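Input: a single structure, listed below in C-alpha cells.
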Amino acid sequence: MVTKTLKLGHIYPRQLNLYGDIGNITALKKRCEWRGIEVEIDNINLGDKIEHHDIYFIGGGQDRQQVEAALELQKYKEFLTEEMHNNSVFLGICGGYQLFGEYYQPHNADRLPGISLLDVYTIAGNKRFIGNVTAKTEFVSPNTLVGFENHSGLTYLRGETKPLAIVITGYGNNGEDKTEGARFKNVFGTYLHGSFLPKNPHFADYLIKLALENKYNEAELAPLDDKLEFDAHSKAIGRKY
Ligand code: GLN
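Here it is, written out as C-alpha cells:
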C-alpha cells in the first residue's frame, strides 16, 4: 500500500507564532501520523522561497512582527493565489489570518498589504477583544468550534468569502456582525488561538481530508480515540474567561 504524504508549510514561524499557535502544526502532524500518513514539515522563514505545499499554516503575531511578514509575503502573492486555485489548504490564525486579506491597518502605522486570498480587510479598533470564544460552524460535526481570542483588529468580510462560524460566546471578527473567521475555497482564517486545532480535532481532520482529497482524490481517515480532545472541547464551550 502506498504511504500517503502531505507537505506542510509553516510560514514565518519566527515572526508569527503567538500563544502557542505551533500547536496547530503539532495537531496536524500527529493526527496524520496516527493514521500512517507521513507529514513533511517545512519551516518557511523570511528570505526562503515558498514552493508548493499541500497545507500552509501561518500563526498570529503582534503588529511589529506582522510588518516583516507582510512585506515578505507580498513577493509570493501571485504564487500563493495560484496555490489557492489549485485547492491547497491554508489556515491562518489572527495576525496571519489578517494577512490573508486585502490589508491590515494598524494603529498609527502604515497600512500592511495582504495577499488577498480572502476577500476581507482589517482595521485596528480601539478595544482589545480578549477571552474565550464558542462559535457554530456549518463545515464540521459537532458544529462547535472553541478557542481563545486576543486581538484589536476588526475584520470585515466581502464578496464570496464566507464566515468560518457564527459567534455564540465572544467577539469574533469585529464584535458587531457575529461572524468569526472566514473561508474561501480551501483557505481558512480564524481568530481562535488556544491553540485552535488540538481542541477542535474534528476541524483538524476536516483540513487533512481536504488536503488528501485534493492530492489523492480520496479522503478516508480512520477514527481516533478523541475522548481527551473532546473533553477539552466540551469544557471550553460557553466559557467566557
Ligand atoms: N496584531 C493583530 C491584532 O491585534 C493580531 C494579534 C494576534 O495575532 N493575536 O489584531
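So the sequence shown is numbered by the working numbering: it starts at 136 and just counts up by one.
Every residue gets a Cβ at the ideal spot worked out from N, C-alpha and C, and that includes glycine.
No experiment lies behind these values; they were computed from the predicted model shown.
Per the DSSP secondary-structure output, H188 pairs with nothing in a beta bridge.
The beta-bridge partner set that DSSP reports for N267 consists of F283. Cβ-Cβ distances below 8 Å link N222 to K320, N321, L345 and N349 in the same chain, with the five nearest sequence neighbours on each side left out; the list follows chain order. With a threshold of 16 other beta carbon atoms within 10 Å, R293 falls short and is exposed. One Cα belongs to L363, the other to I179, and the distance between them is close to 31 Å. Checking the 6 Å criterion, the Cβ of G195 is within range of a heavy atom belonging to the ligand GLN. Between the ligand GLN and C167, a heavy atom-to-CB distance of less than 6 Å is absent.
Judged by DSSP secondary structure, E217 falls outside any beta strand (DSSP E) and instead within the alpha helix (DSSP H) spanning K212 to H220.
Using a Cβ-Cβ distance cut-off of 8 Å, the region 255-274 and the region 229-240 are in contact, since at least three pairs of beta carbons, one from each stretch, lie closer than that value.
With a cut-off of 6 Å, the C-beta of G230 is classified as near the ligand GLN, since at least one heavy atom of the ligand falls inside that distance.
Taking the CA atoms as reference points, Q209 sits about 23 Å from N308. With respect to N243, R374 sits apart: the two C-beta atoms are not nearer than 7 Å.
Close CB contacts of E311 within its chain, under the 6 Å cut and outside five residues either way in sequence, are absent. Classified as exposed, T140 has fewer than 16 neighbouring CB atoms from the shown chains inside 10 Å of its CB. With 16 or more other Cβ atoms from the protein chains shown falling within 10 Å of its own Cβ, I146 counts as buried. Comparing alpha carbon positions, the residue from K164, I301 and Y376 closest to G329 is Y376.
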